[in-house]
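Read the structure below first, then the notes.
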Amino acid sequence: MRLDRAIDAPLAEPTSRAPDRASGREQPEPSAARGPTRHLRPPHVDTVLFDLDGTLLDTAPDLIGAANDLLAEQGLPALAPGLYAPVVSHGSAAMIARSFDLAADDPRMQPLRQRFLALYRDRVSRLTRPFDGVPELLDRIDDAGLRWGVVTNKPAWLTEPLLTDLDLTRRAGCIVSGDTVPCRKPDPRPILHACGLMDVDPGRTVVVGDAHRDVHAGRLAGTMTIVALFGYLCAEDTPTFWGADGLIGHPGELLRWLVPAFTPPERPSHR
Numbered sequence: 144m145r146l147d148r149a150i151d152a153p154l155a156e157p158t159s160r161a162p163d164r165a166s167g168r169e170q171p172e173p174s175a176a177r178g179p180t181r182h183l184r185p186p187h188v189d190t191v192l193f194d195l196d197g198t199l200l201d202t203a204p205d206l207i208g209a210a211n212d213l214l215a216e217q218g219l220p221a222l223a224p225g226l227y228a229p230v231v232s233h234g235s236a237a238m239i240a241r242s243f244d245l246a247a248d249d250p251r252m253q254p255l256r257q258r259f260l261a262l263y264r265d266r267v268s269r270l271t272r273p274f275d276g277v278p279e280l281l282d283r284i285d286d287a288g289l290r291w292g293v294v295t296n297k298p299a300w301l302t303e304p305l306l307t308d309l310d311l312t313r314r315a316g317c318i319v320s321g322d323t324v325p326c327r328k329p330d331p332r333p334i335l336h337a338c339g340l341m342d343v344d345p346g347r348t349v350v351v352g353d354a355h356r357d358v359h360a361g362r363l364a365g366t367m368t369i370v371a372l373f374g375y376l377c378a379e380d381t382p383t384f385w386g387a388d389g390l391i392g393h394p395g396e397l398l399r400w401l402v403p404a405f406t407p408p409e410r411p412s413h414r
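According to this note's numbering, the stretch in the sequence shown is residues 144 to 414, in order.
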């Protein structure tokens with residue numbers, strides 16, 4: 144299952160800048176015309192740091208499934224997947240607020256949130272899969288001699304079993320969860336911690352994510368940034384104003400940005 148995407152095509156490199164309403168930093172104006180993503184590759188990139196939900200993995204089916212399981216426990220009807228589209232990447236409190244129409248300070252919020260997380264843990268990898276094109280992208284990144292890791296706001300007790308179930312833990316150069324350090328994106332410290340774990344220079348690293356917080360954290364950490372337009376964007380999002388170095392409409396476009404001339408060796412067949 145895929146949520147409706149607000150933007151499904153790559154955008155040419157922006158050429159002018161405007162102030163960002165959230166951070167006060169200069170951000171790029173949208174380009175006047177759409178077209179194929181331009182080759183923006185810097186002199187050298189060692190490492191790719193991926194956001195998890197909405198970038199590396201399509202986790203929405205299990206997040207929405209857990210929310211609707213909770214509604215069923217409360218004797219309420221399920222909500223259509225599309226109704227969760229604006230909040231599915233904004234954490235458990237946002238999911239509960241949408242499911243039950245609750246304010247953040249409602250006394251029912253925390254008990255419902257804890258139950259939602261327990262239900263989600265029980266089905267964390269039932270329907271979740273990598274986005275189309277991600278497995279091939281990771282193979283080719285490995286073949287190119289680059290390294291990759293995960294930096295997510297998801298807590299470790301959910302991140303680690305999910306990545307293990309999908310056989311990604313052993314391949315990732317690092318996994319930084321929402322509680323690995325005492326702050327989360329958009330703070331840059333999770334990105335800097337990941338670079339430290341992998342002993343890489345942030346200036347030779349690119350952060351890929353589908354939310355403004357990913358771009359903001361990467362920019363503050365001194366990395367390059369790419370927006371995954373195939374992720375959980377909604378109509379209110381304005382990724383062309385986030386100040387990213389590039390935007391991609393499909394995972395495979397990232398490889399062209401990183402190593403456009405790379406042709407991977409033929410993989411041996413497994414009999």
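C-beta atoms are modelled at their ideal positions from N, C-alpha and C, and glycine is treated no differently.
Residue i classed as buried or exposed, judged by whether at least 16 other C-beta atoms fall within 10 angstroms
i, result
"G225", "exposed"
"A210", "buried"
"R269", "exposed"
"P254", "exposed"
Whole-angstrom distance between residue j and residue i, CA atom to CA atom
i, j, result
"R283", "D249", "47 angstroms"
"R332", "A360", "8 angstroms"
"V351", "D212", "31 angstroms"
"T375", "G208", "Note that residue 375 is Tyr in the sequence shown here, rather than Thr. Taking the straight line joining both Cα atoms gives about 16 angstroms."
"S320", "R290", "18 angstroms"
"L309", "W300", "15 angstroms"
"D286", "F243", "46 angstroms"
"P304", "C317", "15 angstroms"
"R258", "P382", "33 angstroms"
Nearest residue (CA-CA) to residue i, options the options
i, options, result
"D194", "P394, G386, R251", "P394"
"V267", "L200, L245, F384", "L200"
"A371", "D265, D388, A261", "D388"
"T312", "D357, L401, L281, A215", "L281"
"D205", "P273, A247, A246", "P273"
Own chain partners of residue i with C-beta closer than 6 angstroms, once the 5 adjacent residues on each side are dropped
i, result
"D196", "T202, S232"
Residue j beta carbon less than 8 angstroms from that of residue i
i, j, result
"V343", "T190", "yes"
"L125", "I369", "There is simply no residue 125 to check, as the chain begins at 144 and stops at 414 in what is shown."
"G292", "A315", "yes"
"V230", "A237", "yes"
"T198", "D353", "yes"
"R256", "S235", "yes"
Chain-order list of residues whose beta-carbon lies under 8 angstroms from that of residue i (same chain, five-residue window excluded)
i, result
"L401", "R184, V188, V191, I284, A287, L289, V349"
"F341", "In the sequence under discussion, the amino acid at residue 341 is Met, which differs from the Phe named in the question. Only T190, R290, G292, G316, C317 meet the Cβ criterion."
"P345", "I334, L335, C338, A364, G365, T366"
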